[in-house]
Amino acid sequence: MDALIFKRIKKLLENSGLLNSSSPIVHKNNQYDFSEETILITGAAGSIGSGLTHQLIHCKFKKLILIDNAETPLFFLKQDVDTKTTKDIAFVIADVKDKPRITHIFETYRPTLIYHTAAYKHVSIVENNAFEAIKTNIFATKTLSELALSYNSKRFIFISTDKAVNPVGIMGMTKCIAENYLLGLDKHATPTKFISARFGNIFGSNGSVVPLFIKQLNKDEQITITNKDATRLFIDKDKACCLILKLSKLNMSVYSKVSFNMGEPIKIIDLANALIAIFKKSATTKIEVSELSQGEKLHETIINDYETLIPSDESDILFIENKKALSPNLEKLYKVHNSTHIDDLREILLEMCTT
0 MDALIFKRIK
10 KLLENSGLLN
20 SSSPIVHKNN
30 QYDFSEETIL
40 ITGAAGSIGS
50 GLTHQLIHCK
60 FKKLILIDNA
70 ETPLFFLKQD
80 VDTKTTKDIA
90 FVIADVKDKP
100 RITHIFETYR
110 PTLIYHTAAY
120 KHVSIVENNA
130 FEAIKTNIFA
140 TKTLSELALS
150 YNSKRFIFIS
160 TDKAVNPVGI
170 MGMTKCIAEN
180 YLLGLDKHAT
190 PTKFISARFG
200 NIFGSNGSVV
210 PLFIKQLNKD
220 EQITITNKDA
230 TRLFIDKDKA
240 CCLILKLSKL
250 NMSVYSKVSF
260 NMGEPIKIID
270 LANALIAIFK
280 KSATTKIEVS
290 ELSQGEKLHE
300 TIINDYETLI
310 PSDESDILFI
320 ENKKALSPNL
330 EKLYKVHNST
340 HIDDLREILL
350 EMCTT
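Numbering (numbering that gives the first Met the number 0), first residue to last: 0 to 354.
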């Protein structure tokens with residue numbers, strides 16, 4: 000393994016807080032004045048949502064509304080935040096699929112800035128729960144975006160994924176469709192600016208490969224990877240959240256999609272070997288190579304053939320220029336239901352991603 004790759008992986012690990020001797024890096028991002036903004040974060044107790052929260056509490060804001068449907072993680076977030084600030088923050092239990100509940104929240108708080116991070120994101124789970132992914136990743140995004148328009152929100156920032164590029168799995172397809180739906184909304188002259196932020200894997204996020212590898216190492220188990228040639232793009236949570244906050248102020252008059260500078264892709268086998276070395280398990284740990292799961296790709300990319308990366312005023316933020324406009328007709332999806340066969344769902348979603 001290249002020494003620079005090892006150094007990069009070690010730095011990502013240190014910033015993640017997954018080492019017993021390290022704490023996650025939290026950038027106290029107080030450079031932005033949101034004193035006129037009522038900010039809403041969906042999926043607030045998740046990796047990105049909580050990361051944004053911990054940075055925003057160091058900023059000025061009018062009010063912060065934190066939404067999640069997972070009560071216990073939201074409770075722990077509240078416990079943590081309450082020790083650090085006395086600012087005006089509402090912790091709200093709500094499911095983004097519950098349109099009446101979400102409508103009531105908009106009517107009550109009238110958010111001006113929205114970070115939509117809530118999603119079903121685990122590829123292997125989503126592959127077998129496609130209808131739930133459609134409801135959460137597509138329909139809930141549609142509901143939130145329509146409410147943002149109705150209540151004259153200024154910006155709606157949608158957290159997407161590199162798996163939305165040339166998607167082969169349900170998760171990526173649903174994110175791709177949501178991206179293109181928001182792109183269509185943004186083409187119209189509206190008071191709301193819709194932005195999709197597309198990036199790779201948050202290093203060390205809940206349920207991701209890094210905590211899994213560490214768990215296997217700590218139990219002296221073999222590490223399992225899907226393919227010795229597989230690569231992934233990684234970014235640490237703090238950097239991703241910093242860049243998402245920058246999108247709140249960045250001049251986005253022309254573009255609707257962005258990506259972040261994440262460096263070169265990392266081979267998963269290099270990641271495994273680096274963790275083995277860092278945890279000093281070299282003599283005892285074996286790596287088992289299995290096969291890619293359904294919905295997974297060997298390599299992820301950040302743009303497709305009809306997109307181009309354009310530099311922005313921020314060095315780590317890249318605009319994504321679309322050369323081909325896709326405007327998905329969501330009416331097709333309103334005809335599907337729980338009993339629709341998974342193969343039929345997959346076919347419908349894939350068609351909507353390509354036409």
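Where is the CB? At the ideal position from N, CA and C, for every residue including glycine.
Ignore the nearest five residues each way along the sequence and tell me which others in residue i's own chain have a CB closer than 7 Å to its CB.
| i | result |
| --- | --- |
| Ile-277 | Lys-9, Leu-12 |
| Ala-271 | Phe-212, Ile-222, Ile-224, Ile-286 |
| Leu-297 | Asn-226, Asp-228, Ala-229, Leu-291 |
| Pro-327 | Ile-176, Asn-179, Tyr-180, Met-351 |
| Lys-77 | Phe-90 |
Taking the alpha-carbon positions, what's the residue i to residue j distance?
| i | j | result |
| --- | --- | --- |
| Gln-54 | Cys-241 | 8 Å |
| Leu-274 | Ser-34 | 43 Å |
| Lys-220 | Gly-16 | Sequence check: residue 220 is Glu here, not Lys. Approximately 22 Å, taken between the alpha carbons. |
| Phe-259 | Thr-283 | 37 Å |
| Leu-344 | Thr-140 | 19 Å |
| Ile-4 | Phe-198 | 19 Å |
| Asp-342 | Thr-173 | 15 Å |
| Gly-45 | Lys-134 | 19 Å |
| Ala-89 | Asp-1 | 47 Å |
| Phe-75 | Lys-322 | 44 Å |
| Ile-194 | Met-251 | 8 Å |
| Tyr-108 | Leu-146 | 12 Å |
| Phe-105 | Asp-94 | 13 Å |
| Glu-320 | Leu-18 | 39 Å |
| Leu-143 | Leu-65 | 14 Å |
| Gly-206 | Pro-264 | 20 Å |
| Pro-190 | Pro-99 | 23 Å |
| Lys-186 | Lys-218 | 52 Å |
| Thr-71 | Asp-81 | 15 Å |
| Pro-366 | Ile-38 | As shown, the chain starts at 0 and ends at 354. That puts residue 366 outside it, with no answer to give. |
| Leu-232 | Phe-202 | 9 Å |
| His-103 | Ala-196 | 27 Å |
| Leu-14 | Phe-60 | Per the sequence shown, the amino acid found at residue 14 is Asn instead of Leu. If I take the Cα positions, the gap works out to 27 Å. |
For residue i, which residues in the same chain have their Cβ closer than 6 Å to its Cβ, ignoring the five residues on either side in sequence?
| i | result |
| --- | --- |
| Asn-165 | Asn-303 |
| Thr-84 | Ile-56 |
| Tyr-305 | Lys-322, Lys-323 |
| Leu-73 | Ala-44, Asp-67, Phe-90 |
| Gly-183 | Ser-326 |
Please name the residue in the options whose C-alpha comes closest to that of residue i.
| i | options | result |
| --- | --- | --- |
| Ser-338 | His-57, Gly-50, Ile-66, Ala-129 | Ala-129 |
| Phe-138 | Arg-154, Tyr-119, Ser-152, Asn-151 | Tyr-119 |
| Phe-155 | Met-172, Glu-178, Val-167 | Glu-178 |
| Val-122 | Phe-193, Gly-50, Val-208, Ser-326 | Val-208 |
| Ile-101 | Ser-149, Lys-83, Ile-265 | Ser-149 |
| Ser-255 | Arg-231, Leu-181, Leu-216, Asn-328 | Leu-181 |
| Ile-301 | Asn-200, Leu-51, Leu-63, Leu-325 | Asn-200 |
| Glu-126 | Glu-346, Met-351, Thr-354, Pro-264 | Glu-346 |
| Ile-361 | Met-251, Asn-226, Asp-161 | Past the boundaries of the shown model lies residue 361; the chain is included only from 0 to 354, so the question cannot be answered. |
| Tyr-383 | Leu-51, His-298, Ile-47, Leu-65 | Within the shown structure, residues of the chain are numbered from 0 to 354, placing residue 383 beyond reach of any answer. |
| Asn-226 | Gly-203, Glu-131, Gln-293 | Gln-293 |
| Ile-158 | Ala-69, Ile-40, Met-351, Lys-96 | Ile-40 |
| Lys-86 | Glu-106, Gln-215, Lys-62, Val-95 | Lys-62 |
| Pro-92 | Leu-317, Ser-152, Gly-42 | Contrary to the premise, residue 92 reads as Ile rather than Pro in this sequence. Among Leu-317, Ser-152, Gly-42, the Cα nearest to that of Ile-92 belongs to Gly-42. |
| Glu-380 | Gly-48, Cys-58, Ser-49 | As displayed, the chain neither begins before 0 nor continues past 354, which places residue 380 out of reach and without an answer. |
| Glu-299 | Ile-267, Lys-218, Phe-318, Ala-324 | Ile-267 |
| Ser-247 | Thr-307, Arg-7, Asp-185, Leu-112 | Leu-112 |
| Gly-48 | Tyr-114, Val-288, Ser-311, Thr-354 | Tyr-114 |
| Glu-295 | Leu-216, Asn-136, Met-170 | Met-170 |
| Cys-175 | Asp-67, Gly-262, Asn-136 | Asn-136 |
| Asp-358 | Met-261, Ser-204, Phe-60 | Not covered by the structure: residue 358. The range shown for the chain is 0 to 354. |
| Ala-132 | Lys-96, Lys-192, Arg-7, Lys-153 | Lys-96 |
| Arg-7 | Pro-310, Lys-331, Asp-269, Val-335 | Asp-269 |
| Lys-331 | Ile-38, Thr-354, Ile-309 | Thr-354 |
| Ser-152 | Ala-117, Lys-192, Thr-116, Ala-163 | Lys-192 |
| Met-351 | Leu-325, Leu-216, Asp-81 | Leu-325 |
| Ala-117 | His-103, Ala-69, Tyr-333, Ser-289 | Ala-69 |
| Lys-280 | Ser-289, Gln-215, Val-257, Asn-14 | Gln-215 |
| Thr-307 | Phe-60, Val-257, Lys-77, His-336 | Val-257 |
So, for residue i: in the same chain, excluding its five sequence neighbours on each side, which residues have a beta-carbon less than 8 Å away from its beta-carbon?
| i | result |
| --- | --- |
| Glu-313 | Leu-242, Lys-245, Leu-249 |
| Ile-309 | Tyr-254, Leu-317, Phe-318, Ile-319, Glu-320 |
Grouping DSSP H, G and I as helix and E and B as strand, with all else coil, what is residue i?
| i | result |
| --- | --- |
| Thr-354 | coil |
| Ile-8 | helix |
| Leu-349 | helix |
| Leu-17 | coil |
What I want to know is whether the C-beta of residue i ends up closer than 7 Å to one or more non-hydrogen atoms of the ligand FAD.
| i | result |
| --- | --- |
| Ala-229 | In the structure shown, the ligand FAD is absent, as is every other ligand, since no ligand is present at all. |
Which runs of the beta strand (DSSP E), 3 residues or longer, sit entirely within the stretch 175-258? 192-197, 222-224
Curious, which full-length alpha helix (DSSP H) runs of at least 4 residues does the stretch 32-102 contain? 46-55, 70-81
Just list the alpha helix (DSSP H) runs in the stretch 117-187, keeping only unbroken ones of 4 residues or longer that don't cross its boundaries, in chain order. 122-126, 129-132, 139-149, 169-185
Completely contained alpha helix (DSSP H) runs for the stretch 260-337, where each covers 4 or more residues: 267-277
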